[in-house]
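One structure is given here, and the rest of the page talks about it.
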Amino acid sequence: NNIIAIASGKGGVGKSTVTVNLAYALKNEGYSVGIIDSDVYGFSIPRMMGVKALPTVIDETMIPVDKDGIKVISMGFFLEEDQAVLWRGPLLHKAVVQFLTQVYWDKLDFLLIDLPPGTGDVTLSISQTVKQAHLLVVTTPQPAASSVAQRVAELSKKANFNLIGVIENMSYFIAPDGSKQYIFGDGGGKFLADKMGTALLGQIPLEQAIREGGDLGKPITDSKGDHASKEFKNIADKLIGMLVKK
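Per our numbering, residue 6 is the first one in the sequence shown, and the count goes up by one each step.
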């Protein structure tokens, strides 16, 4: 029912981390969720979710892997983790279209697409294949990162995307005394959201548990986390309020 492409202007801002934890937060609210890991050159979703199984193929239709009730398809299922992908536009387009049209997703409330950083062939292929997808932009607090992310947000004006919000990752660190320390600066996410005329849906704190969860294949939102898991829940609730028909 709702296809949400999750984008970033550059790598390293935590886009895949946001995708995975947001998927679990939506699932925990009782919704059926799928993930397409379309970051062909830098796939990481299988590792972050601890997926060991592989998709099956029945009559030329792929059956996605089901992990914790979330359906997943990734280029990482078809390559070794350390294998380089040396593909150009046509092959990338074909792979992305297959993930969208030749996978049996059944009935989903939300399909999250983890996009590659920037505005390359994969992102354009998705915008051409999907009639109407929503766009979430992930950035960090630094003004420089927000400026780069703005180029991606402009996709909503030029491609088939509906910009629905910005998520600021690594927003602050919570010190032992409970105070917020803005290690990477402050205000980048709000600046980008205001610039693009959209909402700042949430600010994810910098927590060691998030990194550990990704390394271990145990997303923080699927456990009893602290501030970060609560913030992912808040973002999920906002998306549900915006997109789910009552």
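Just so you know, even glycine gets a beta-carbon here, dropped at the ideal spot from N, CA and C.
- Listed as beta-bridge partners of Leu116 by DSSP are Ile8 and Gly39.
- In the DSSP assignment, Val62 forms a beta bridge with Met67.
- Within a 10 Å sphere around the beta-carbon of Glu65 sit fewer than 16 other beta-carbons, which makes this residue exposed.
- DSSP places Phe166 inside the beta strand (DSSP E), whose first and last residues are Phe166 to Glu173.
- For Gly207, the enclosing beta strand (DSSP E) stretches over residues Leu205 to Gln208.
- Scanning Phe166, Thr134 and Leu206 for the CA closest to the CA of Gln103 turns up Thr134.
- Non-local C-beta neighbours of Leu105 in its own chain, meaning closer than 6 Å and more than five positions away in sequence, comprise Thr134, ordered along the chain.
- With a beta-carbon spacing of about 5 Å, Phe189 and Pro146 fall inside the 8 Å limit used to define contacts.
- In this structure Val18 touches Ala150 by the C-beta definition: roughly 6 Å separates them, less than 8 Å.
- Inside the region 178-242, DSSP marks whole alpha helix (DSSP H) runs of 4 or more residues at positions 193-201 and 213-221, from first to last along the chain.
- Membership of Val56 in any alpha helix (DSSP H) is not indicated, and neither H nor E is assigned to it by DSSP.
- The beta carbon of Ala164 sits closer than 6 Å to the beta carbons of Ser132 from its chain, once the five residues preceding and following it are set aside; these are given in chain order.
- In this chain, the alpha helix (DSSP H) harbouring Ser151 covers Pro148 to Ala158.
- In the DSSP assignment, Val25 falls outside any beta strand (DSSP E) and within the unbroken alpha helix (DSSP H) covering Lys20 to Asn33.
- For Ser130, the enclosing alpha helix (DSSP H) has its first and last residue at Asp126 to Thr134.
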